[in-house]
DNA sequence: AAAGATTGTTGTTGACGACAACAATTGTCC
DNA sequence: GGACAATTGTTGTCGTCAACAACAATCTTT
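Protein chains in written order, with the working numbering: chain A, 1100 to 1267; chain B, 1100 to 1267.
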């Protein structure tokens, strides 16, 4: 199967599958992906890379990465949560959350308050500075979301969110 | 594996947006995500993690990870490609591809043939063993794809692939 | 032929997920 | 009430992965 070709290296060769049209263009030199098309995971991975890069770039001025943003958002919406609760909600290891919070606390965006109900745990809160900062982050995140719309279309973005709502 | 079976309890309550329905269930204890809902990137990230885990698990018996599969697929469809061409096509660093190929070559699935046209580059080919192995991998990948269908629905999967076709 | 670009390679850095072990604390069971 | 198990935050290790930087060998350009 698929033995033919002398195919010089970089060279195009193989008249490929014209049916698709366009595609990334930037990346696609013109090599036939064939079997890779139709794999949901591959498309999702590539899209996820793109969307994260845009997020990081758009929020670059405030130096906030996607994971940090999700942590701040959850704490902002649910003040007093324990680290365990936040970690479970976002699907990240509590060990990883420690470093994330160390960083955010160092930047005075979050504070760990010793819980009196359970002296093992910390109640997480945004600082006043953290609140105003998060408001700014949200505006930038909204801008990023507009980039997504421009990229895949307004309806497609909504479709996407609807389809994947179960994973949120 | 390692599907942590959520223990009860987050001691939060705070009933929030119940309108969503279902959701992951495993993850969502009941903490309001609020602003996180509506962010395409977050949903995509969570979905991508799920889909990769299923892929890795489904192809676990043959010890093939998503990136390895994509490399084999591209080489199988375009024999003779250079490492640079494969890397560019898949959007991975050529430095990273070196290790990937080292591994695949060690397993006798791929061979690097010195190109006589350009003595800097290697022409990549599947070995005979690699061809038959890839056929098996593709059957398992198809099974994985069926898992995706079961998870999000047949039409939704097709919608997804259609929406993200530009990134493939 | 000299200067510059490309290819494969090695190495480093940092974000990230998965685990394991630990002290402090709480919960449970007898 | 007290021994034992479970939970919480923490530290550390390991492996994956993207992003760079540097390098030797080899084109390509002038």
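Beta carbons: idealized from backbone N, C-alpha and C, even for Gly.
Where residue i falls, given that 16 or more other Cβ within 10 Å makes a residue buried
{"i": "residue 1121 of chain A", "result": "Confidence in residue 1121 of chain A is poor, its pLDDT being 34 and thus under 50, which makes the residue's placement too unreliable to answer from."}
{"i": "residue 1167 of chain A", "result": "buried"}
{"i": "residue 1144 of chain B", "result": "buried"}
{"i": "residue 1252 of chain A", "result": "exposed"}
{"i": "residue 1178 of chain B", "result": "buried"}
{"i": "residue 1265 of chain B", "result": "buried"}
{"i": "residue 1173 of chain B", "result": "buried"}
{"i": "residue 1259 of chain B", "result": "buried"}
{"i": "residue 1254 of chain B", "result": "exposed"}
{"i": "residue 1142 of chain B", "result": "buried"}
{"i": "residue 1243 of chain B", "result": "buried"}
Member of the options whose CA lies at the smallest distance from the CA of residue i
{"i": "residue 1183 of chain A", "options": "A:1255, A:1217, A:1162 and A:1137", "result": "A:1217"}
{"i": "residue 1188 of chain B", "options": "B:1211, B:1170 and B:1204", "result": "B:1170"}
{"i": "residue 1196 of chain B", "options": "B:1134, B:1181 and B:1186", "result": "B:1186"}
{"i": "residue 1148 of chain B", "options": "A:1139, A:1180 and A:1153", "result": "A:1139"}
{"i": "residue 1134 of chain B", "options": "A:1215, A:1246, A:1241 and A:1194", "result": "A:1241"}
{"i": "residue 1190 of chain B", "options": "A:1146, A:1190 and A:1153", "result": "A:1146"}
{"i": "residue 1227 of chain B", "options": "B:1245, B:1263, B:1214 and B:1204", "result": "B:1204"}
{"i": "residue 1214 of chain A", "options": "A:1193, A:1181 and A:1198", "result": "A:1181"}
{"i": "residue 1150 of chain B", "options": "B:1263, B:1250, B:1202 and B:1267", "result": "B:1250"}
Residue-level contact to chain B via CB, residue i, 8 Å cutoff
{"i": "residue 1242 of chain A", "result": "no"}
{"i": "residue 1256 of chain A", "result": "yes"}
{"i": "residue 1159 of chain A", "result": "no"}
{"i": "residue 1108 of chain A", "result": "Legend: pLDDT at residue 1108 of chain A = 32, less than 50; position of this residue unreliable, no value from coordinates given."}
{"i": "residue 1150 of chain A", "result": "yes"}
{"i": "residue 1155 of chain A", "result": "no"}
{"i": "residue 1136 of chain A", "result": "yes"}
{"i": "residue 1202 of chain A", "result": "no"}
{"i": "residue 1239 of chain A", "result": "no"}
{"i": "residue 1251 of chain A", "result": "yes"}
{"i": "residue 1262 of chain A", "result": "yes"}
{"i": "residue 1170 of chain A", "result": "no"}
{"i": "residue 1126 of chain A", "result": "For residue 1126 of chain A, the predicted structure reports a pLDDT of 37, less than 50, and the residue's modelled location is therefore unreliable. A value from the coordinates is still provided. Closer than 8 Å: yes."}
{"i": "residue 1122 of chain A", "result": "Because the pLDDT at residue 1122 of chain A is just 37, under 50, the model does not fix this residue reliably, and the value given afterwards should be weighed accordingly. Closer than 8 Å: yes."}
Same chain only: Cβ atoms within 8 Å of residue i, ignoring 5 sequence neighbours per side
{"i": "residue 1175 of chain B", "result": "1225, 1229, 1230 and 1233"}
{"i": "residue 1248 of chain A", "result": "1256"}
{"i": "residue 1155 of chain B", "result": "1164 and 1165"}
{"i": "residue 1236 of chain B", "result": "1158, 1161, 1163, 1168 and 1171"}
{"i": "residue 1246 of chain B", "result": "1153 and 1157"}
{"i": "residue 1223 of chain A", "result": "1174, 1178, 1179, 1180, 1181, 1182, 1185, 1200, 1209, 1210, 1211 and 1212"}
{"i": "residue 1202 of chain B", "result": "1167"}
Below-8 Å beta-carbon distance, residue i vs any chain A residue
{"i": "residue 1210 of chain B", "result": "no"}
{"i": "residue 1226 of chain B", "result": "no"}
{"i": "residue 1143 of chain B", "result": "yes"}
{"i": "residue 1147 of chain B", "result": "yes"}
{"i": "residue 1229 of chain B", "result": "no"}
{"i": "residue 1259 of chain B", "result": "yes"}
{"i": "residue 1246 of chain B", "result": "no"}
{"i": "residue 1235 of chain B", "result": "no"}
{"i": "residue 1139 of chain B", "result": "yes"}
{"i": "residue 1176 of chain B", "result": "yes"}
{"i": "residue 1173 of chain B", "result": "yes"}
{"i": "residue 1267 of chain B", "result": "yes"}
Beta-carbon separation (whole angstroms), residue i vs residue j, contact threshold 8 Å
{"i": "residue 1221 of chain A", "j": "residue 1209 of chain A", "result": "That pair is no contact at about 10 Å."}
Contacting residues, own chain, Cβ-Cβ under 7 Å from residue i (five flanking each side not counted)
{"i": "residue 1239 of chain B", "result": "1157, 1158 and 1161"}
{"i": "residue 1193 of chain A", "result": "1182, 1183 and 1186"}
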